[in-house]
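Take the sequence shown: its letters are residues 164 to 663, numbered as in the working numbering.
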Amino acid sequence: MSSKLIQNLIEYAKNHLSLDSRDEFYIRNRLLESLKIEEFKETKADSVSDLKNPETVILPLVEYALKKELITEAESEYFAFKLLDLVSLRPSEVIRRFQSEYEKTPLAAFSWLYDYNVKNDYVRSTKIVKNIGWIAEETKGKLEITINLSKPEIQHSEVKAAAKKKAGYPKCVICPENEGYAGHGTYRQNLRGIPLLLGGEDYFWQFSPYAYFNHHGIAISYEHKPMRVDLNTAKKLFDFVDFIPAYFIGSNAGIPRVGGSILAHDHYQGGFHPMPLNNASTRLLLSSEKYQKTEIFIPEWYNSLIRLKGKVREEIEALAGEIITTWENYDDYENEIIAFTDEGHNGFSVIARKEKDEYILDIILRNNRTSAEYPDGIFHAHPEYHHIKSEGIGLVEASGFFVLPPRLLRQLGYVEAVLTGEIENPDFAGDLESFRDMTRDLVSRYGKNNSKVAAQTYIRKEIGSVCENILRNIAVFKDTEKGRTGFMKFLESIGLKEVR
C-alpha cells in the first residue's frame, strides 16, 4: 500500500511539478528514506492529471507517517511540506523556468510561479478558499473585507519582541535562507521564489502562504536589515513595477504599531489585485514649481494620503524623498503630531503601481505615538474597535483591504445566532464579552427575529462601518477644519500649493 501512495505523489509531481522522469528513481528513494521504508513494489499510480493541488496524494502519506509514529500530529503539516519539497524543482530550476516564461510576458512568468507554489502547496489553496470575503458596498471607499482563516492574529507585543529577538539561522522567518530549511520540523521546506534587483540591491520574491488577495507576495531583502522607508524606497518600488507592471507593491512603515508584523527584516508586499484606494477620487489638486512634470493630488480617502502621478519616475522619486525627509521631522502639536520623544514616531505606508506608462505613488503619513488614553497608539484603531481589528494597520488595510482574524468566524456566528433568535438569552462569556455592546446595538435596531441572510447583512454592514472608522483613526490629519488646516500647512512646507 505504501508503494502505491509514493507512486501517486511521484505521478502528481511529473504532471504538475515538472518532475523529470529521469529523476524518478532518485526521488522515489528519497521518499522511501523519509518514510523509513526499505522495500518498494512497482505499481500503477492513480490518475492525478486533473488535481488542482496535492492534498489527495500527500495526506495519505502523512497519515501513514502518523500511523507508523514517524511524526507527531503537531509535525504533520510540516512533514507534508518536506515531502513536497523533495518532489519539487530545485530553486535554480524554478528560476530558469521563470526566466523562460518572462520572455513571453512578465505576468506569464509570475502567474507560472504562483501556480507552481499552489501546486506544491506552499500557497495553501485548500485553506484560502475557506476564507470569507465581501465588498462593503455601503462604505465610501467600497472597502474589501476578509476573514482570513489561515493567518494567526498577531499582537503589538509579539511584533516588538520579534524585532528584538536575537538572530540565529535563519535570522528570521522571512530570510531567503529559509528556502529548503528544515529547522526543528516547523519550516515550509517547499518554498520556491525568484531573485529581484530593486534599487541596485538584491531581493527575493516569494508568494505568501496566507494569500490575502490574488498573487499576494513579498519582496524580501537578501540582507537581514530592519524595515525602513527612506530616500531609496520609491526607486525600489518603481523598479518592481517596471519588472512586473501588472502588480502593485508597497512598503509598511518601519516603526512599531503602524505597520507590518515583521520589523526586523526589510521587505515589501504586493500582488495582482486592484486596491479600493486606487479608485479614490480627487479632493484637492496641488502644484509644485519644482516638480512640474508630476501631478499631485490629495485623494478623497479616509487617511492622510498624498498621491503622485507622472511619466518621469525620477521626478516622482525626488518629490517622494522630500516628503519623506520633511515628514520624519515634522511636528504639529495642535494635531497631536510629535516626530520625536525617546524614539522617532513619524512614518509612512508607501504604495506604487503603474497605469500604462504612468507611475503612481501613494504616500500615507503615519505616526505611532501613544498616550494614556490610547496606549496602543493615538493614530491606531481605537479600543472600541479592537473586537474587530486590534493588529497594526499596515499598507494593505490602509489601502482599503481589511484582513480580519479567524476568531471572528466564531464570534460573529454567535452574534448572528442572537439576531435570528436561535440564542434567546446570550451569555457573553470569555472573548464574547467584547461583542456585548455591538450585539445589543444591532438587536435594538433590527430585533431578534431575522433570517440568517438578513442577520449576516446587518453584521457585515456594522463591520464595514468599523473598518471605515479605523481608517479615520489612523489619519494623522483628521477630516476636520483643524485637521485640514494642519494638512495644508504640511503640504505648503514642501512647496505644494492648492490649484484653485
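Glycine is no exception: its CB is placed at the ideal position from the N, C-alpha and C atoms.
- Burial state of Ile626 (16 or more Cβ within 10 Å): Its Cβ being crowded by 16 or more others within 10 Å, Ile626 is buried.
- Query: If Phe565 and Glu307 are in contact, beta carbons under 8 Å, what's the gap, nearest whole angstrom?
  - Reply: Contact between Phe565 and Glu307 holds: CB atoms are separated by about 7 Å, below the 8 Å threshold.
- Message: Going by DSSP in three states, Gln455 sits in which element: helix, strand or coil?
- Response: Gln455 falls in the coil class under three-state DSSP.
- Message: Quick check on this structure: which residue in Thr602, Gly473, Ser444 and Asp520 has the alpha carbon closest to the alpha carbon of Lys303?
- Response: It is Ser444 whose Cα lies nearest to the Cα of Lys303.
- Message: Assuming Leu168 is part of the alpha helix (DSSP H), what are its boundary residues?
- Response: Taken as a continuous stretch (DSSP letters only), the alpha helix (DSSP H) holding Leu168 covers Ser165 to His179.
- Three-state class that DSSP yields for Thr396 in the structure shown: DSSP, read as helix, strand or coil, puts Thr396 in helix.
- Query: Within this structure, are the beta carbons of Tyr548 and Ile622 separated by less than 8 Å?
  - Reply: Between Tyr548 and Ile622, the CB-CB gap reaches or exceeds 8 Å.
- Message: According to DSSP, simplified to helix, strand and coil, what is Arg287?
- Response: If DSSP states are grouped into helix, strand and coil, Arg287 belongs with coil.
- Query: Can you name the start and end residues of the alpha helix (DSSP H) that Pro254 belongs to?
  - Reply: Segment Pro254 to Tyr265, the alpha helix (DSSP H) holding Pro254.
- Compare the C-beta of Ser628 against all C-beta atoms of chain D and say whether one is closer than 8 Å. Protein chains in the displayed structure number just one, and chain D is not present.
- Task: Please look up how many angstroms separate the CB atoms of Ser562 and Leu471, rounded, as I've assumed it's under 8 Å.
- Result: The beta-carbon separation of Ser562 and Leu471, rounded to 16 Å, does not stay under the 8 Å limit for a contact.
- When you compare only the Cα positions, how much space is there between Phe376 and Ile295? Phe376 and Ile295 have their C-alpha atoms spaced approximately 12 Å apart.
- Task: Please name the residue, chosen from His428, Thr349 and Thr289, that lies closest to Lys388 on a Cα-to-Cα basis.
- Result: Of the candidates His428, Thr349 and Thr289, the one whose C-alpha sits nearest the C-alpha of Lys388 is His428.
- Item | Residues near Met390 by beta carbon distance below 6 Å, same chain, minus five either side | Excluding its 5 nearest sequence neighbours in each direction, Met390 has C-beta neighbours in its own chain below 6 Å: Gly417, Leu426 and Asp429, listed in chain order.
- If you run the structure through DSSP and keep just helix, strand and coil, what is Asp600? Helix at Asp600.
- Does the separation of the CB atoms of Glu174 and Val211 fall below 8 Å? Judged by their CB atoms, Glu174 and Val211 are nearer to each other than the 8 Å cut-off.
- Query: Counting Cβ pairs, one atom from each stretch, are 3 or more of them under 8 Å apart for the segment 608–615 and the segment 573–584?
  - Reply: Contact between the segment 608–615 and the segment 573–584 is present, because at least three Cβ pairs lie under 8 Å.
- Message: Going by the DSSP bridge assignment, what does His387 pair with across the sheet?
- Response: Per the DSSP secondary-structure output, His387 pairs with nothing in a beta bridge.
- Message: At 4 residues or longer, what runs of the alpha helix (DSSP H) sit wholly inside the segment 188–219?
- Response: Within the segment 188–219, no run of alpha helix (DSSP H) reaches 4 residues while sitting entirely inside it.
- Which residues in the same chain have their Cβ closer than 6 Å to the Cβ of Asn395, if we skip the five residues on either side of it in sequence? If the five residues before and after Asn395 are omitted, its C-beta is found closer than 6 Å to the C-beta atoms of Gly362, all from its own chain and listed in chain order.
- Query: Is it a yes or a no for the segment 214–233 touching the segment 257–271, going by three-plus beta-carbon pairs under 8 Å?
  - Reply: Taking a contact to require three or more Cβ pairs closer than 8 Å, the segment 214–233 and the segment 257–271 do not qualify as touching.
- Task: Using only alpha-carbon positions, find the residue among Asp402, Ser512 and Val281 that is nearest to His378.
- Result: Taking each of Asp402, Ser512 and Val281 in turn and checking the Cα distance to His378, the smallest one comes out for Val281.
- Task: Check Asp525 in the structure and name its three-state DSSP category.
- Result: Judged by DSSP in its simplified three-state form, Asp525 adopts strand.
- Helix, strand or coil: which one does DSSP assign to Thr620? Helix at Thr620.
- Item | Nearest-angstrom beta carbon gap, Ile412 and Ala272 [assumed within contact, 8 Å] | That pair is no contact at about 16 Å.
- Message: Starting from Ala431, trace the beta strand (DSSP E) in both directions and tell me its first and last residue.
- Response: This sequence places Tyr at residue 431; Ala is not what is there. His430 to Gly434 is the span of the beta strand (DSSP E), which, as asked, contains Tyr431.
- Going by the beta-carbon positions, is the gap between Lys167 and Thr206 smaller than 8 Å? Yes, these two residues count as a Cβ contact at 8 Å.
- Identify the residues that DSSP records as bridge partners of Arg445: which are they? The residue asked about is misnamed: residue 445 is Thr in this sequence, not Arg. For Thr445, DSSP records a beta bridge to Pro462.
- Could you tell me the distance, in whole angstroms, from the CA atom of Pro339 to the CA atom of Asp284? Cα to Cα, the separation comes out at about 18 Å.
- Query: According to the neighbour-count rule (16 or more other Cβ atoms, all chains shown, within 10 Å of its Cβ), is Gln455 buried or exposed?
  - Reply: The residue is exposed, with fewer than 16 neighbouring Cβ atoms inside 10 Å.
- Gln432 beta carbon less than 8 Å from that of Leu558: It is a contact, given that the beta carbons lie within the stated cut-off.
- Given that a residue counts as buried once 16 or more other Cβ atoms are within 10 Å of its Cβ, and exposed if not, what is Ser467? Buried, because 16 or more other Cβ atoms sit within 10 Å of the Cβ of Ser467.
- Based on Cα-Cα distance, which residue from Lys399, Gly346, Val392 and Gln352 lies nearest to Tyr366? Of the candidates Lys399, Gly346, Val392 and Gln352, the one whose C-alpha sits nearest the C-alpha of Tyr366 is Lys399.
- Query: Going by C-alpha distance, which of Gly423, Ser181, Thr489 and His550 is nearest Ile337?
  - Reply: That would be Gly423, whose Cα lies nearest to the Cα of Ile337.
- Item | Span of the beta strand (DSSP E) around Gly669 | The requested residue 669 is not part of the displayed model; the chain covers only 164 to 663.
- Go ahead and pull the three-state DSSP assignment for Asn353. Coil, per DSSP.
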